[in-house]
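In our numbering, the protein residues as written are -5 to 523.
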């Protein structure tokens, strides 16, 4: 909302800001005039990245004279009619005192398309097995030069570009409209991303994780904390599966994700290499109870997409240099079903925070994947738990998805939410934003059913490890409940307590805990307080 109207209008119209003295249904909705106003509105929204601000009752000079109530109401209704013509909506109307009447600040934004399908895919694999390059080529249609040229679209930090190694989670999108693929000429162009988000009826969002072993914790965060629909595991055809491949596959299976295996760098491998790597992958999948299925055509991809579950794993051969297999991936992503609960938007809003930013002119922004419920601009939410175990009220100022300003976001959306009421130094990864009706509680201790996958000795009461739940990565102290100790291969109940601060957890959530090379998986079964 504008704080000082005259200061705001004095610079004149600019970017996405339009002044109108008054709008009349009889005159401004006539065909010729209407077309001109619609073109003008599209221009302002393009300049505003999907958002336009109209000031009604303001002269072209910027003088805020105002309008009587009846004319102001009619002018707002004209804007509602015009915005509906371009698939937009009047999101907010704020009134200000003018010199001779009231001025209306009307905010128009592109409407969130509830009919749009949104698929979320986590991508993992060993370092230098071509994850980022594959995504850069798939989402742009630009062939790689054999040296990772297209990975620059995802590795945007200077040290990532120089070393050719991803060091944090990154995100990529492409989409479909009426069954035809929509790619981005330049994924770093925010306007182009916004246009795709506006026009696509099916959007595929990729979470690109980290393949380098020292950053395994970040990979776990990308797979555990993002509410994924599917996991995509890359394996280089000239090298084959590695211990990191097995590690990443294990994390996806622990999270009960359907898995897609993509052989990359097929241009660098002989037919014999490919066959050998496919056999090794098939053996690995069978060991963990999965059924490998070699997909060789678009028709096969469309067929297997409808049968995808936690047991069937398609294997697709690709090359980012020659473009081999990319059309097969397109067909698969076009036909895969969204797995998340269709009724999730009817529950109170909940999002685990993954990143915290301070953006000039915007303020505090937190990002994450929405677990359940809807969030709208202006909502009052609870942030926490703080170190005291309390939750604080904050207000949603704006919402963006892939740099696309939206008025409402739903389950599965990866969003950045600008909030007021808390400073960045009070917020930590693993906290939640929740609607007050969700009634969140701070938890220090809980019970879980776990399986010990790897451990060199025995686990006794007092064992400490880093436990991952959603975006939480916190040291916990573990105590076996069914026996005095646990070893590799054992399953049983344990009590776990957060060592440093409380978090919000709930029954049924999947957990992964690690300490050195030791690893266990499980799920929360009971909240103790």
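Virtual Cβ for every residue (Gly too), placed ideally from N, Cα, C.
If you're wondering where the values come from, they're calculated on a predicted model, not measured in any experiment.
message: Check whether the region 231 to 247 and the region 267 to 278 touch, using three or more Cβ-Cβ pairs below 8 Å as the test.
response: yes
message: Please report the straight-line C-alpha distance between residue 126 and residue 225, rounded to a whole angstrom.
response: To locate residue 126, count along the chain shown from 1; it is residue 132. To locate residue 225, count along the chain shown from 1; it is residue 231. Each residue's Cα considered, the two are about 15 Å apart.
- request: Using the Cα positions of residue 64 and residue 434, report the straight-line distance between them to the nearest angstrom.
  value: Sequence index remark: in the chain shown, residue 64 carries index 70 (1-based). Sequence index remark: in the chain shown, residue 434 carries index 440 (1-based). Between residue 64 and residue 434, the C-alpha separation is close to 45 Å.
Stretch pair the region 212 to 232 + the region 361 to 377: three plus CB contacts closer than 8 Å: The region 212 to 232 is in contact with the region 361 to 377.
Distance, residue 48 Cα to residue -4 Cα: Position 2 of the chain shown holds residue -4. Position 54 of the chain shown holds residue 48. Whole-angstrom Cα-Cα distance: 12 Å.
- prompt: Rounded C-beta distance between residue 465 and residue 348? I'm assuming under 8 Å.
  reply: The residue labelled residue 465 in the question sits at position 471 within the chain shown. The residue labelled residue 348 in the question sits at position 354 within the chain shown. Between residue 348 and residue 465 the Cβ distance is about 5 Å, and since that is below 8 Å, they are a contact.
message: Can you list, in chain order, the residues of its chain with a C-beta nearer than 6 Å to that of residue 350? Leave out the 5 residues immediately preceding and following it.
response: Working through the chain shown from its first residue, we reach residue 350 at position 356. Shown here for residue 350: same chain residues with a beta carbon closer than 6 Å to its own, the five before and five after excluded, namely 360, 418, 421 in chain order.
query: Do residue 321 and residue 292 have their C-beta atoms closer together than 8 Å?
result: In the chain shown, residue 321 corresponds to position 327, counting from 1. In the chain shown, residue 292 corresponds to position 298, counting from 1. Their beta carbons are under 8 Å apart, which means residue 321 touches residue 292 by this criterion.
message: Taking 8 Å as the limit between beta carbons, can you name the residues of its chain near residue 416, skipping five residues before and five after?
response: Numbered from 1 along the chain shown, position 422 holds the residue referred to as residue 416. Excluding positions up to five away in sequence, the list reads 358, 377, 386, 388.
message: Counting C-beta neighbours from all protein chains within 10 Å, is the total for residue 93 16 or more, i.e. buried, or is it exposed?
response: By one-based count along the chain shown, residue 93 stands at place 99. Exposed.
message: Could you check whether residue 182 and residue 190 sit closer than 8 Å to each other, using their CB atoms as the reference points?
response: For this step, residue 190 is matched to residue 196 along the chain shown. For this step, residue 182 is matched to residue 188 along the chain shown. No, these two residues do not count as a Cβ contact at 8 Å.
- request: Can you give me the start and stop residues for the beta strand (DSSP E) that residue 366 sits inside?
  value: The count along the chain shown starts at 1 and reaches residue 366 at position 372. From DSSP, the beta strand (DSSP E) with residue 366 extends over 357 to 366.
field: Beta-carbon proximity check, residue 543 vs residue 460, cutoff 8 Å
entry: In the structure as shown, the chain begins at -5 and stops at 523. Residue 543 is therefore absent and cannot be evaluated.
message: Helix, strand or coil for residue 347? Go by DSSP, reduced to three states.
response: Here residue 347 corresponds to residue number 353 of the chain shown, with the count starting at 1. Residue 347 falls in the coil class under three-state DSSP.
- request: Go through its chain and collect everything with a Cβ distance to residue 11's Cβ below 6 Å, but skip five positions before and after it.
  value: The count along the chain shown starts at 1 and reaches residue 11 at position 17. Closer than 6 Å at Cβ, skipping near neighbours: 47.
- prompt: With 16 as the cutoff for other CB atoms within 10 Å, does residue 124 come out buried or exposed?
  reply: Within the chain shown, residue 124 is the residue found at index 130, counting from 1. Under this definition residue 124 is a buried residue.
field: Helix, strand or coil at residue 507 according to DSSP, with G and I counted as helix
entry: As a first step, residue 507 is located in the chain shown; it is residue number 513 there, counting from the start. Residue state, collapsed to three classes: strand.
query: Hey, quick one: how far does the alpha helix (DSSP H) through residue 529 stretch, first residue to last?
result: Residue 529 cannot be examined here, being either before or after the span of the chain that is shown, -5 to 523.
message: For residue 507 and residue 4, I'd like the C-alpha separation in whole angstroms.
response: On the chain shown, residue 507 is found 513 positions in, with the first residue counted as 1. On the chain shown, residue 4 is found 10 positions in, with the first residue counted as 1. So the alpha carbons of these two residues sit roughly 58 Å apart.
task: Provide the residue(s) that pair with residue 513 in DSSP beta bridges, ordered along the chain.
output: Numbered from its first residue, the chain shown carries residue 513 at position 519. In DSSP, residue 513 forms a bridge with 448, 508.
query: For residue 253, is the beta carbon positioned less than 7 Å from some heavy atom of the ligand ADP?
result: This structure does not include the ligand ADP; it has no bound ligands of any sort.
Three-way DSSP call (helix, strand, coil) for residue 373 in this model: By 1-based counting over the chain shown, the position of residue 373 is 379. Coil at residue 373, not helix or strand.
- prompt: Using 8 Å as the Cβ pair cut-off and three pairs as the minimum, do the region 433 to 451 and the region 492 to 499 touch?
  reply: yes
- prompt: DSSP state of residue 21, grouped into three classes?
  reply: Within the chain shown, the letter at position 27 stands for residue 21. If DSSP states are grouped into helix, strand and coil, residue 21 belongs with the helices.
- request: State yes or no: is the C-beta of residue 374 within less than 8 Å of the C-beta of residue 430?
  value: Stepping through the chain shown from its first residue, residue 374 is reached at position 380. Stepping through the chain shown from its first residue, residue 430 is reached at position 436. The criterion of a C-beta distance shorter than 8 Å is satisfied by residue 374 and residue 430.
- prompt: Helix, strand or coil: which one does DSSP assign to residue 524?
  reply: This structure leaves residue 524 out entirely; the chain is present only between -5 and 523.
query: Just how far apart, CA to CA, sit residue 310 and residue 300?
result: For the purposes of this step, residue 310 is taken as the residue at position 316 of the chain shown. For the purposes of this step, residue 300 is taken as the residue at position 306 of the chain shown. Going from the Cα of residue 310 to the Cα of residue 300 covers about 16 Å.
query: Any contact of the region 399 to 417 with the region 478 to 485, i.e. 3+ C-beta pairs under 8 Å?
result: The region 399 to 417 is not in contact with the region 478 to 485.
query: Who are the near neighbours of residue 235 in its chain, counting only those whose CB is closer than 7 Å to its CB and skipping five residues on each side?
result: Position 241 of the chain shown, counted from the first residue, corresponds to residue 235. Annotation for residue 235: 229, 274, 275, 278 place their beta carbon closer than 7 Å to its own, counting only its chain and skipping 5 residues before and after.
task: Quick one: using the 10 Å Cβ neighbour count with 16 as the cut-off for buried, is residue 513 buried or exposed?
output: Numbered from 1 along the chain shown, position 519 holds the residue referred to as residue 513. With 16 or more Cβ atoms within 10 Å of its Cβ, residue 513 is classed as buried.
query: With burial defined as no fewer than 16 other Cβ atoms inside 10 Å of the residue's Cβ, what is the status of residue 522: buried or exposed?
result: Residue 522 sits at position 528 when you count from the first residue of the chain shown. Answer is exposed; the Cβ neighbour count stays below 16.
query: Considering only residues of the same chain and omitting the five flanking positions on each side of residue 101, which have a CB-CB separation below 6 Å?
result: For the purposes of this step, residue 101 is taken as the residue at position 107 of the chain shown. Closer than 6 Å at the Cβ level, and outside the excluded window around residue 101, lie 47, 85, 86.
message: Considering just the uninterrupted stretch of the alpha helix (DSSP H) at residue 86, what are its terminal residues?
response: Here residue 86 refers to the residue found at position 92 when the chain shown is read from its first residue. Counting along the chain, residue 86 falls outside any alpha helix (DSSP H), though it belongs to the beta strand (DSSP E) covering 82 to 91.
- prompt: Does the count of Cβ pairs from the region 390 to 400 and the region 302 to 319 closer than 8 Å reach three?
  reply: No, they do not touch.
message: Helix, strand or coil, according to DSSP, for residue 35 in the structure here?
response: Here residue 35 is taken as the residue at index 41 of the chain shown, counted from 1. It is helical.
query: Tell me the DSSP bridge mates of residue 112?
result: Within the chain shown, the letter at position 118 stands for residue 112. DSSP output for residue 112 lists 197 as bridge partner(s).
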